[in-house]
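Notes for the one structure printed next.
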Amino acid sequence: MFENLLSRPNFMTFIILFIFGLTIMVTHHNLIKKLIGMYLLQTSVFVFLVNTGAKFGSTVPILLSAGGSIEPSNYANPLPHALVVTGIVVGVSTLGVSLGLTIAIWRCYGSIEEDEINERLE
Amino acid sequence: MTGQAVGLILLLPFFAAIAMPMLGSWRRSWCQPLALSSVGLMGLSALSASYIAVAQGPVQYAMGGWEPPVGIVLILDGFSSLIAVALSFVSLACLFFGGPLLPKDLGVKVVLYYSLVLMLISALAGITLAGDLFNLFVFIEVAALCSYALVGLAGGRGLMAAFRYLLLGTIGASFYLLGVGYFYAATGTLNMADFLVRLPDVLHSKAVFTGLIFIFLGLAIKAAMVPFHGWLPDAYSHAPAAVAPLLASLVTKVSLYAMIRIMFWVLGAGTLASELPILFLLGLGGAIAAVVGAFLALTQQDLRRMFAYGGISHVGLIVIGIAVGNKTGFAGGIFYMVNDAVMQATLFFIAGAIWHRCGARDLSQLGNLWAQMPWTSAALIVTALSMIGIPPTGGFFGKWYMVLGAMEATNYVAVAAILSSTLLTLAYFVRIIERIFGDKHSDPPVAQLTAEAPTEMRVSMGILAASILVLGLFSDQIVGLILRSAVPPGLG
Chain A
31 MFENLLSRPN
41 FMTFIILFIF
51 GLTIMVTHHN
61 LIKKLIGMYL
71 LQTSVFVFLV
81 NTGAKFGSTV
91 PILLSAGGSI
101 EPSNYANPLP
111 HALVVTGIVV
121 GVSTLGVSLG
131 LTIAIWRCYG
141 SIEEDEINER
151 LE
Chain B
197 MTGQAVGLIL
207 LLPFFAAIAM
217 PMLGSWRRSW
227 CQPLALSSVG
237 LMGLSALSAS
247 YIAVAQGPVQ
257 YAMGGWEPPV
267 GIVLILDGFS
277 SLIAVALSFV
287 SLACLFFGGP
297 LLPKDLGVKV
307 VLYYSLVLML
317 ISALAGITLA
327 GDLFNLFVFI
337 EVAALCSYAL
347 VGLAGGRGLM
357 AAFRYLLLGT
367 IGASFYLLGV
377 GYFYAATGTL
387 NMADFLVRLP
397 DVLHSKAVFT
407 GLIFIFLGLA
417 IKAAMVPFHG
427 WLPDAYSHAP
437 AAVAPLLASL
447 VTKVSLYAMI
457 RIMFWVLGAG
467 TLASELPILF
477 LLGLGGAIAA
487 VVGAFLALTQ
497 QDLRRMFAYG
507 GISHVGLIVI
517 GIAVGNKTGF
527 AGGIFYMVND
537 AVMQATLFFI
547 AGAIWHRCGA
557 RDLSQLGNLW
567 AQMPWTSAAL
577 IVTALSMIGI
587 PPTGGFFGKW
597 YMVLGAMEAT
607 NYVAVAAILS
617 STLLTLAYFV
627 RIIERIFGDK
637 HSDPPVAQLT
647 AEAPTEMRVS
657 MGILAASILV
667 LGLFSDQIVG
677 LILRSAVPPG
687 LG
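Residue numbers (the working numbering), protein chains in the order written: chain A, 31 to 152; chain B, 197 to 688.
What follows is the structure in structure tokens.
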């Protein structure tokens with residue numbers, strides 16, 4: 031079980047980033063730190079998606095030569111990359127909206143610490 | 197040619213949303229007519245395409261001319277046409293209702309409101325039409341981003357509610373995307389129909405199972421199933437009064453639609469019944485949600501929070517109906533879903549109208565409301581009858597078919613959950629109705645000088661309350677239609 035995980039460093043990276051992100055989101059009171067955690071979480075999913083398209087001994091999905099037969103195993107799978115590009119766009123828009131909200135919260139409450147804001151809401 | 201109408205359902209509100217800031221900076225008073233007409237046209241194209249979809253089978257539109265499974269495809273079948281028509285009808289009513297509230301709530305942000313709302317409607321239509329798992333993710337995220345912005349649009353307490361909603365919604369979306377990644381790794385396809393074909397070969401792989409868990413976690417957060425409902429009451433009770441009906445009636449329901457679509461059309465009903473315990477787990481989750489949500493609603497003092505918890509319990513009821521695993525229960529659940537969209541919109545209309553006229557949100561301030569706002573109170577009573585489930589309203593027939601389905605499947609836990617949730621719903625509506633007709637000494641006596649709500653509000657409330665009755669009176673035909681064309685293949 032454990033050797034199994036160690037032989038997959040990419041997957042380990044994904045898990046560590048994912049748990050990091052989730053922990054930061056849950057434990058920190060600062061809104062910006064929460065957003066950093068959120069972005070880490072999203073990025074870890076992209077790491078996972080890119081990994082599903084990787085192959086040993088393959089290259090970028092651009093045809094090496096015009097003629098002849100095409101050997102799919104020579105190329106990395108381009109579809110996960112396309113998904114991740116779209117995913118990054120979604121992630122950046124989410125971050126944009128969330129930063130906009132944070133600015134509005136700061137203007138309204140004069141603080142971006144969640145416990146201070148909760149005190150003022152009471 | 198008919199395929200174009202399917203594309204139009206999604207694109208009409210989208211282009212209107214893009215055009216709105218330009219038009220709004222020139223003539224602000226033209227925003228509402230543009231929004232109403234674009235959603236009205238969307239409804240017409242949804243109706244015409246649905247007519248064809250029901251009569252001749254699913255209508256498909258390949259984006260950019262790329263045929264599936266390579267290209268991205270929009271599909272309108274019996275199930276999605278029902279939701280698309282309900283979506284355009286309810287959102288039209290919501291836009292019409294919001295008109296008089298906007299200047300008071302939002303001031304100069306009216307243009308932003310219309311732009312975001314149209315984008316939200318377009319994304320929700322996209323979710324109903326998506327035939328591709330990743331495309332579904334993109335639409336879910338567009339809808340979610342618009343909802344976050346709309347909740348926080350009026351500032352104040354809504355901002356923190358929007359921020360929490362955003363954090364939880366993003367966790368949900370990340371889970372969903374992760375699940376889609378697992379599905380893709382297992383089958384090598386993202387097209388829903390193609391996935392169903394390839395699934396039997398990899399059914400017992402751990403990747404499919406893990407992906408399924410992640411997708412369901414993600415969509416459960418989006419659909420506010422107990423215990424993932426924490427974001428909903430705050431977000432819906434602090435959202436601007438013009439926004440809350442739209443969010444409450446449509447956003448959770450369409451996420452639930454995505455869940456049902458993935459369960460029965462991507463994984464297939466046969467797989468669910470024989471291989472995976474997902475239906476049992478969902479049924480249990482739905483039963484807990486139905487009872488816990490209704491119980492929490494009973495303990496609320498704030499009118500809008502009470503309705504929000506009522507919505508959570510009704511999501512649970514729909515899930516129970518879907519999860520009993522036979523045609524009757526499924527049709528009942530779908531019928532109840534349409535009803536619930538209308539009922540939630542009406543409830544939040546009523547809360548918005550009371551707030552607009554009296555500035556009251558608390559239950560103790562509603563004393564003698566009947567004398568001040570008879571129309572609003574009448575709409576509230578019709579909706580309450582339907583929420584509790586008393587004939588001849590739509591809510592009764594939805595619950596009736598769900599109970600029939602559960603009896604057929606000898607699932608008495610489901611029957612007990614539906615009945616106890618009904619009793620609790622009765623209890624919290626009795627609290628409201630007692631107030632409305634009750635003592636004239638409300639503290640403080642806000643409802644003294646007020647008159648009835650503006651005409652637009654009354655009209656939209658009246659139309660939706662009437663459509664609850666219409667849904668009830670024509671329930672035979674509608675459930676028959678669902679059984680004929682919207683039930684997934686392979687369901688017993």
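Where a beta carbon is used, it is the ideal one built from N, C-alpha and C, also for glycine.
Residues of the segment 76 to 104 of chain A that bring their beta carbon within less than 8 angstroms of a beta carbon in chain B comprise PHE78, LEU79 and THR82, in sequence order. Three or more Cβ pairs drawn from the segment 491 to 503 of chain B and the segment 622 to 635 of chain B lie within less than 8 angstroms of each other, which places the two stretches in contact. The residue among B:ALA213, B:ASP301 and B:GLY368 with its C-alpha nearest the C-alpha of B:SER234 is B:ALA213. Proximity of the segment 302 to 310 of chain B to the segment 250 to 265 of chain B falls short of the contact definition, fewer than three beta-carbon pairs being nearer than 8 angstroms.
Residue A:LEU65 holds the alpha-carbon nearest to the alpha-carbon of A:SER128 among A:THR82, A:ALA106 and A:LEU65. The Cβ-Cβ distance between B:GLY525 and B:ALA416 does not fall below 8 angstroms. The shortest C-alpha to C-alpha distance from B:MET388 to any of B:TYR532, B:ALA649, B:MET653 and B:GLY464 is the one to B:GLY464. Cβ-Cβ distances below 6 angstroms link A:HIS59 to GLU143, GLU144 and ASP145 in the same chain, with the five nearest sequence neighbours on each side left out; the list follows chain order. Taking B:PHE359 as reference, the option from B:LEU374, B:LEU667, B:MET502 and B:SER343 with the minimal CA-CA separation is B:SER343. Residue state for B:VAL255 is assigned as strand, using DSSP reduced to three classes. For the segment 278 to 326 of chain B, the full-length alpha helix (DSSP H) segments reaching 4 residues or more read 298 to 302 and 306 to 325 along the chain. Here B:LEU314 really is in contact with B:ALA231; their C-beta atoms are around 6 angstroms apart, less than 8 angstroms. By the C-beta criterion, the segment 50 to 58 of chain A is judged not to be in contact with the segment 348 to 362 of chain B, since fewer than 3 inter-stretch pairs fall below 8 angstroms. In this structure, B:ALA280 sits away from B:ILE367, with a CB-CB distance that is not shorter than 8 angstroms.
Following the DSSP letters along the chain, one finds B:LEU559 in no alpha helix (DSSP H), marked with neither H nor E. Residues of chain A with a Cβ closer than 7 angstroms to the Cβ of B:GLU263 do not exist, since the nearest Cβ in that chain sits about 16 angstroms away.
Not flagged as an interface residue toward chain A: B:ARG553, since no C-beta distance is shorter than 8 angstroms. Look at the segment 112 to 151 of chain A and you find these whole runs of alpha helix (DSSP H), each 4 residues long or longer: 144 to 151.
Per the C-alpha coordinates, the member of B:PRO588, B:ALA483, B:PHE633 and B:ARG457 positioned closest to B:PHE670 is B:PRO588.
The CB of A:ALA134 comes closer than 8 angstroms to the CB of GLY348, GLY351 and LEU355 in chain B, given here in chain order. Within chain A, not a single residue places a beta-carbon under 7 angstroms from that of B:THR324; the smallest gap is close to 19 angstroms. Fully contained in the segment 324 to 370 of chain B are the following alpha helix (DSSP H) runs of length 4 or more, in chain order: 329 to 347. B:SER277 is positioned such that its CB atom lies closer than 8 angstroms to that of B:ALA249.
Identification of residues in the segment 366 to 398 of chain B having a C-beta nearer than 9 angstroms to some C-beta of chain A yields THR366, ILE367, ALA369, SER370, PHE371, LEU373, LEU374, VAL376, GLY377, TYR378, TYR380, ALA381, GLY384 and LEU386, given in sequence order. Note that the segment 565 to 577 of chain B touches the segment 651 to 667 of chain B; at least 3 beta-carbon pairs, one per stretch, sit closer than 8 angstroms. Taking the Cα of A:SER74 as reference, the smallest distance to any Cα among A:PHE41, A:LEU113 and A:SER37 is reached at A:PHE41. Counting of Cβ neighbours within 10 angstroms places B:MET583 among the buried residues, the total reaching 16 or more. In this structure, B:HIS434 and B:ARG557 do not form a Cβ contact; the two beta carbons are roughly 10 angstroms apart against a cut-off of 8 angstroms. With fewer than 16 neighbouring CB atoms inside 10 Å of its own CB, A:ILE118 falls in the exposed class.
When the Cα atoms are used, B:LEU475 and B:GLY220 turn out to be separated by approximately 48 angstroms. B:PHE210 is the residue among B:ALA649, B:VAL450, B:GLY555 and B:PHE210 whose C-alpha sits nearest the C-alpha of B:LEU312. With a threshold of 16 other beta carbon atoms within 10 Å, B:VAL609 falls short and is exposed.
Counted as a single uninterrupted DSSP element, the alpha helix (DSSP H) harbouring B:ILE614 occupies residues 608 to 633. Cβ contact annotation for B:TYR505 (same chain, cutoff 7 angstroms, sequence separation greater than five): PRO429, GLY489, LEU492, ALA493 and GLN496, in chain order. Straight-line measurement puts the Cα of B:LEU237 at about 33 angstroms from the Cα of B:TYR597.
When the alpha-carbon of B:ALA403 is set against those of B:PRO423, B:MET653, B:ILE518 and B:VAL376, the nearest one is in B:VAL376.
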